[in-house]
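So the number in my numbering is just where the residue sits in the sequence shown, counting from 1, plus 10. A quick write-up on the structure given underneath.
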Amino acid sequence: MKVFTTRVIPEEGLLLLQRAGVTVKQWTERKELTLEDMIEQCKDQDALFYAGGRHIDRPFMEHARHLKVISLLSVGYDNVDLKAATELGIQITNTPGVLSNATADTAFLLMQAVARKAFYQHKRILNGDWGFSTPTANLGIDIEGKTLGIWGLGNIGTVMAKRCKAAFDMKILYCNRHRNKAAEKELGATFVSFDELLAQSDVLSVHTSLTPETKDKFNLEAFRKMKPTAIFINAARGGIHNETDLLFALQDGLIWGAGLDVTNPEPMQPDNPLLNMPTVAILPHIGSATVETRNAMSRIAAENVLAALEGRPVPNPVNHLYSL
Ligand code: DGY
11 MKVFTTRVIP EEGLLLLQRA GVTVKQWTER KELTLEDMIE QCKDQDALFY AGGRHIDRPF
71 MEHARHLKVI SLLSVGYDNV DLKAATELGI QITNTPGVLS NATADTAFLL MQAVARKAFY
131 QHKRILNGDW GFSTPTANLG IDIEGKTLGI WGLGNIGTVM AKRCKAAFDM KILYCNRHRN
191 KAAEKELGAT FVSFDELLAQ SDVLSVHTSL TPETKDKFNL EAFRKMKPTA IFINAARGGI
251 HNETDLLFAL QDGLIWGAGL DVTNPEPMQP DNPLLNMPTV AILPHIGSAT VETRNAMSRI
311 AAENVLAALE GRPVPNPVNH LYSL
């Protein structure tokens, strides 16, 4: 059996496949695969282990019907045209659960980095601009006791809420499609409307997936409804906020700061003005990037591949979610 991986993958998943007798062909080049590359690389393979790269679209999948599975090394599946995959009979799988802590930790890190202008202060030192300090210089804001608003209180959002409650005794608000009674009980979280979430949050952290409904949800209209002292955090998907509107909101003082692990587009260009704003902290989509988490993700993705190759039900199918 043969599997193509779009990147060099973490060792645990690789070893699991190899020990099961699978021949793994990894894309080792540091350039993006084109549509033609993908078709060529996958034409004699049994499965695709997708660890990043170009959108898995219908034109590719029309040439990939022979694949027993496209196994994603991610919990998000917005990089795949699920409708086309399902219509063409291609199984898609993901890696849920194991990256909740690492991703929530990234949101937590960004919240503090924004509140204390940490990335900006670091750049000042590098630029030889530590200079002459005064008691009114370099001021950030406190987080202790403030209100955290979670948009999307699922696995990752719940970990973020737990961290914020334990560390800073934050009051938790959330807005979801459905009530999360467990979190209400455990964290004293309060279910609110989207507008209430915008109006009441001191820190508003996004933990939902990118769908047609969530795309550009954080636009000028939304930022106008937030507190001028609010911090906006997005460690989910860059498409959920409108980056032009976010820049305007920050420049115009509609909100205080922003922490992004995800941008739109990715990679973000180095001349993006957001990168030089004092109350902005940006990371290059590293939410799940810890040794432990990436190994766990690669193991789950490999288990999905093996199940498909052996004709067993895959543990983490996502095709059925396309109509949601
Ligand atoms: C995910 O799993 O969706 C993450 O964003 C990948 O890093």
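From the three backbone atoms N, C-alpha and C, an ideal C-beta is built for every residue, glycine too. All figures in this text were calculated on a predicted structure; none of them were measured in a lab.
Exercise. In chain order, what residues of the same chain lie with their CB nearer than 7 Å to the CB of T113, ignoring the 5 residues before and after it?
Worked result: What you label residue 113 is simply residue 103 of the sequence shown in a count that begins at 1. Result list for T113: I166, A245, G297 and S298, in chain order.
Exercise. Quick one: does the C-beta of G297 sit closer than 7 Å to a heavy atom of the ligand DGY?
Worked result: The sequence position of residue 297 within the sequence shown is 287, counting from 1. At least one heavy atom of the ligand DGY is nearer than 7 Å to the Cβ of G297, so yes.
Exercise. For M232, which three-state DSSP category applies?
Worked result: Position 222 of the sequence shown holds residue 232. For the sequence presented, residue 232 should be read as Ala rather than Met. Helix, per DSSP.
Problem set entry | Neighbourhood of L230 by C-beta distance below 6 Å, restricted to the same chain and skipping five residues each side | Counted from its first residue, the sequence shown places residue 230 at position 220. In chain order, D255 place their CB closer than 6 Å to the CB of L230, counting only its own chain and leaving out the 5 sequence neighbours on each side.
For this session: Locate the beta strand (DSSP E) running through L58, then write down its first and last residues.
Result: Mapped onto the sequence shown, residue 58 falls at position 48. Its beta strand (DSSP E) spans residues A57 to Y60.
Exercise. By a C-beta neighbour count over all protein chains shown, 10 Å radius and 16 as the cutoff for buried, is G249 buried or exposed?
Worked result: As a position in the sequence shown, residue 249 is number 239, starting the count at 1. So G249 ends up on the buried side.
Exercise. Hey, is V85 close to the ligand DGY, as in C-beta under 7 Å from one of its heavy atoms?
Worked result: For this step, residue 85 is matched to residue 75 along the sequence shown. It does: the Cβ of V85 is within 7 Å (strictly closer) of some heavy atom of the ligand DGY.
Exercise. Do the region 143-159 and the region 91-107 touch if we need at least three Cβ pairs shorter than 8 Å?
Worked result: no
Problem set entry | Counted within 10 angstroms of its Cβ, other Cβ atoms place L334 as buried (16 or more) or exposed | For this step, residue 334 is matched to residue 324 along the sequence shown. Annotation note: pLDDT 42 at L334 (below 50); position unreliable, coordinate value reported separately. Burial call: exposed.
For this session: Could you name the residues that DSSP lists as bridge partners for Y184?
Result: The sequence position of residue 184 within the sequence shown is 174, counting from 1. DSSP, once it has assigned bridges, lists I160 and F201 as partnering Y184.
Problem set entry | Own chain, CB closer than 6 Å to V328, minus 5 neighbours either side, in chain order | The sequence position of residue 328 within the sequence shown is 318, counting from 1. Contacts found: Y87, I102 and N104.
For this session: Assign P20 to buried or exposed, taking buried as 16 or more other Cβ atoms, counted over all protein chains shown, within 10 Å of its Cβ.
Result: Translated into the one-based positions of the sequence shown, residue 20 becomes position 10. By the neighbour-count rule (16 or more Cβ atoms within 10 Å), P20 is buried.
Exercise. Within the present structure, is the beta-carbon of F118 separated from the nearest heavy atom of the ligand COA by less than 7 Å?
Worked result: Among the ligands present in this structure, namely the ligand DGY, the ligand COA is not found.
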